[in-house]
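Everything on this sheet refers to the single structure shown next.
Numbering (UniProt numbering), first residue to last: 1 to 156.
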């Protein structure tokens with residue numbers, strides 16, 4: 001898989017994000033309503049990556065900076081968002097590769113910890129993060145009181 005830095009609103013990014021939102025609707029009955037500004041994923045405040053097999057986008061993921069002046073975050077945090085692998089390519093190690101690239105890029109940008117929110121209807125995501133060294137933390141943001149939400153963090 002070839003990984004490229006792209007804008008959050010790049011056409012290939014938008015296609016995968018729309019597919020991801022449809023998957024959220026299928027699993028949870030609703031899309032992810034977390035407020036997202038595409039500018040948050042532009043260096044140095046963030047990064048968005050796409051993974052390609054040939055010319056086909058098959059994986060996405062990004063991170064955006066958070067600091068301690070925001071509730072639930074601490075200085076040096078970056079929040080992982082929009083991790084997605086197209087269904088036909090799941091089980092091939094692409095999610096681990098994308099996650100490792102995002103972790104490396106965040107660390108190189110001076111981020112100290114990655115945090116993320118996933119949910120009970122995504123057991124494969126929960127397993128990926130747990131097996132990659134992420135530990136459960138208190139739920140944050142708009143999902144603070146959602147019983148289906150699961151938040152994780154990993155020190156970089």
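For glycine and all other residues, C-beta sits at the position ideal for the given N, C-alpha and C. Because the structure is a prediction, the values reported are computed rather than measured.
{"query": "Distance, residue 128 Cα to residue 12 Cα", "result": "24 Å"}
{"query": "Per-residue DSSP class, three states only, for residue 98", "result": "helix"}
{"query": "Simplified DSSP state of residue 56, which is helix, strand or coil", "result": "strand"}
{"query": "Residue 28 versus residue 22 - alpha carbon distance", "result": "10 Å"}
{"query": "From 7, 138, 120, 141, residue whose alpha carbon lies closest to that of residue 50", "result": "7"}
{"query": "Neighbourhood of residue 145 by C-beta distance below 8 Å, restricted to the same chain and skipping five residues each side", "result": "139"}
{"query": "Local conformation of residue 33 per DSSP, three classes", "result": "coil"}
{"query": "Stretch-stretch touch, CB-based, cutoff 8 Å, three pairs: the segment 118 to 127 with the segment 51 to 63", "result": "no"}
{"query": "Neighbour-count burial assignment, residue 46, 16 or more Cβ in a 10 Å radius", "result": "buried"}
{"query": "Three-state secondary structure assigned by DSSP to residue 19", "result": "helix"}
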